[in-house]
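Numbering (the numbering used here), first residue to last: 194 to 656.
C-beta atoms are modelled at their ideal positions from N, C-alpha and C, and glycine is treated no differently.
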């Protein structure tokens, strides 16, 4: 049964990687994979936990407890509390972004883009994406930016280069912020990194990761763009005035930026901060639209906006987190970490490998696996270590240690080496019909050059 769990996990990841070619959603595959792994743990719990120290500690508290009770009330419940924090945060952030999008807040950016030169527009869109991805989820930013490009560029040949750069910029921008990507958020909530350190240490490497492919693309991009003959505006945008759109945009983005500050000052879970921001914006919406006509008011209420949320992404993450939690509880992650340490030896080479693999199987399960494999070392425990070599090694695993920071960078940026490795890439494939092989030929090598350049910059700055 121990090996059956591995087979289920690998088969699930393979099916998820090929889900764009299968007639099923990847969320369903993730849920089935996570549930089956825990079913296997429950059936063979006596074998798995026969020599588990945590089970014997639990028996000291509840001598009459069974293995099934230990699995359900201790192992699974413990994991669900951590998973719940992350999913509530993502739901709140997704709702805030959808409020801004539904009111046409992002379209205000077009008023500040006057240039028609391809190179200048490419740099403008890349930097806007880079900074907005730091506070808003990558999936939404990719959709918004590609949609804005449609309103300025009529040539598909030019647009797909813009879209390819958007994919890279979303990965770069989301990585240096604690709330910019799921993997960095996981490490922040898990205590592996702090908000201030991740920003200070990864901003320059992530910027270099974006600049390298951006500079190479600029060398071959000349001329001016030709806008489409007709620009269509969404009906929902007409329902909100410019003043209302500015209020929604500034309050939403400002609230998201202040969430790390809320966590630092109160030490409460970040999801409470995001729910506070969502609640305040909900009140804004009710006051703002209560005097409007009923059909307009109904379309812009939060209950209507919530229907547009991509709930399948939440279920996908739930399934992945359950599957990885099962591997951690059953001891697979511990053995995987031991295998990497024995075969790869260098912990930084492990991070680089994880980043490369994230473009194939996704960054979330790999980062979750590393979090379950290696523990965060407390500074107090370092005082009892006399061996200088061991102390130097373990220093990389304290909060804000080099291992965790480089893991955040590699997993966050490495997923864009292939277009299918990130949500932004999948969006680009769907909206602009970008071919997998086109991205592989035109963008993957540029992304790899930026990826390695960013790693080099990190070592020069930090290590």
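Asked	Found
What are the residues that DSSP puts in a beta bridge with residue 311?	The partner list for residue 311 (beta bridge, DSSP) is empty, contrary to what the question assumes.
Alpha carbon to alpha carbon, what distance is there between residue 287 and residue 465?	15 Å
Along the chain, where does the alpha helix (DSSP H) that runs through residue 500 open and close?	Run containing residue 500: none; DSSP gives neither H nor E here.
Roughly how many angstroms separate the alpha carbons of residue 550 and residue 471, rounded to a whole number?	35 Å
Taking Cβ to Cβ, would you say residue 242 is nearer than 8 Å to residue 225?	no
Relative to the C-alpha of residue 204, which candidate in 513, 373, 437 has its C-alpha closest?	513
As an exercise, report each continuous alpha helix (DSSP H) stretch of at least 4 residues that is fully enclosed by the region 220-286, in chain order.	238-241, 246-254
Using 8 Å as the cut-off, can you tell me whether the region 449-456 makes contact with the region 404-420, which would need three or more C-beta pairs spanning the two stretches below that distance?	no
Name the DSSP beta bridge partners of residue 591, please?	570
Excluding the five sequence neighbours on either side, which residues of its own chain have a C-beta within less than 6 Å of the C-beta of residue 388, listed in chain order?	371, 453
For the region 284-372, list the alpha helix (DSSP H) runs that are entirely contained and at least 4 residues long, ordered along the chain.	311-325, 331-343, 349-368
Go ahead and label residue 247 buried or exposed: buried means 16 or more other beta carbons lie within 10 angstroms of its beta carbon, across all protein chains shown.	exposed
Could you compute how far the alpha carbon of residue 311 sits from the alpha carbon of residue 628?	22 Å
Relative to the C-alpha of residue 646, which candidate in 613, 599, 620, 626 has its C-alpha closest?	599
May I have the straight-line CA-CA distance separating residue 579 from residue 283, to the nearest angstrom?	42 Å
What would DSSP say about residue 429, mapped onto helix, strand or coil?	With a pLDDT of only 47 at residue 429, under 50, the local geometry of the prediction cannot be trusted, and no value is derived from it.
Does the Cβ of residue 456 have 16 or more other Cβ atoms within 10 Å, making it buried, or fewer, making it exposed?	buried
Is there contact here, the region 581-591 with the region 561-571, by at least three beta-carbon pairs under 8 Å?	yes
Between the region 264-279 and the region 374-383, are three or more C-beta pairs nearer than 8 Å?	yes
Considering only residues of the same chain and omitting the five flanking positions on each side of residue 501, which have a CB-CB separation below 6 Å?	291
State the CB to CB distance for the pair residue 605 and residue 552, rounded to an integer number of angstroms; the pair is presumed to be in contact (CB under 8 Å).	That pair is no contact at about 11 Å.
Residue 217 by DSSP, collapsed to three states: which one?	coil
Near residue 650, which residues of its chain fall below 7 Å by C-beta distance, leaving aside the five closest residues on each side in sequence?	397, 398, 401
Looking at the strands, I want to know which residues DSSP matches up with residue 507.	Its beta-bridge partners do not exist; DSSP assigns none.
Taking the alpha helix (DSSP H) that residue 635 falls in, what are its first and last residues?	629-635
With a 10 Å radius around its C-beta and 16 neighbouring C-beta atoms as the bar for buried, classify residue 327 as buried or exposed.	buried
To which residues does DSSP link residue 417 through a beta bridge?	310
Please tell me whether residue 657 and residue 323 are closer than 8 Å, where the distance is taken between their beta carbons.	The first residue shown for the chain is 194 and the last is 656, placing residue 657 beyond what the model contains.
By a C-beta neighbour count over all protein chains shown, 10 Å radius and 16 as the cutoff for buried, is residue 497 buried or exposed?	exposed
Check each candidate in 528, 583, 316, 519 and name the one with the smallest Cα separation from residue 223.	519
Would you report the Cα separation of residue 325 and residue 525, rounded to the nearest angstrom?	37 Å
Could you give the DSSP three-state label for residue 536: helix, strand or coil?	helix
Pick out whichever of 350, 315, 251, 510 has its Cα sitting closest to the Cα of residue 358.	315
Look up residue 460 in the DSSP assignment and say whether it is helix, strand or coil.	coil
On the three-state DSSP scale, how would you describe residue 403?	helix
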